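Heads up: the sequence shown is residues 10 to 163, going by the numbering used here. The beta carbon of each residue, even a glycine, is placed where N, CA and C say it ideally should be. In this text the structure is predicted, and so the values were computed from the model without any measurement.
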Amino acid sequence: MSAIAAEPVVFSTVAEGARKAFGPRLTPELYAKLRAVKFDLENVQAAYPLGDFVRAMGVLCDALVPNCPPLEQHRLLAREFMAGYRQTAIGFALFTLGRTIGVKRSLLRMGRNLRTTGNYLEADVTEDGPKSVRVVTRVLNEFRAKITPPRSSR
């Protein structure tokens, strides 16, 4: 097994998406807090351990949407993140392809799309009907023991 496959990681496109999404709001102090949890957005790496990414998202949530419950913080940041991810080369390609082939076919490709963000997820996609697609995502078996549940409160 390769070094990258030995632990769950998120790829650089995720860091690039975060930098593009939150860049104007990333102060020197916030960059320092992110470096402290090993998620350096000033010097993007090829991959980041998933645990470092999760801690970084907690830092970003607390700094950028401090007065919301945790689930709402994550929802708001996820929406912003997708706008930034769309500005990365891979995100731009995925969204362009999505517009070209349509929503349903884009969802049917979700397993391939997830592989551009990290090595620990897979998706089963089922076409339930002419206008219905079911996407079930899960952590790959080899990474389940290495992923801890998210914090319930801060």
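In this chain, VAL46 is not harboured by any beta strand (DSSP E), its DSSP state being neither H nor E.
In the three-state reduction of the DSSP assignment, THR22 falls in the helix class, which pools H, G and I. The region 109-121 makes no contact with the region 40-47; the number of CB pairs closer than 8 Å stays below 3.
Rounded to whole angstroms, the separation of the alpha carbons of ASN52 and VAL63 is 18 Å. Each of GLY107, VAL19 and VAL148 was checked against the Cα of GLN54, and the nearest Cα belongs to VAL19. For GLY127, the three-state secondary structure derived from DSSP is strand. DSSP places ALA72 in the uninterrupted alpha helix (DSSP H) bounded by 59-73.
DSSP, read as helix, strand or coil, puts THR97 in coil. Per DSSP, ARG147 is not a residue of any alpha helix (DSSP H); the beta strand (DSSP E) it occupies stretches across 141-148. Assigned with DSSP and collapsed to three states, VAL134 falls in strand. Taking C-beta atoms as the reference points, ALA30 and PHE90 count as a pair closer than 8 Å.
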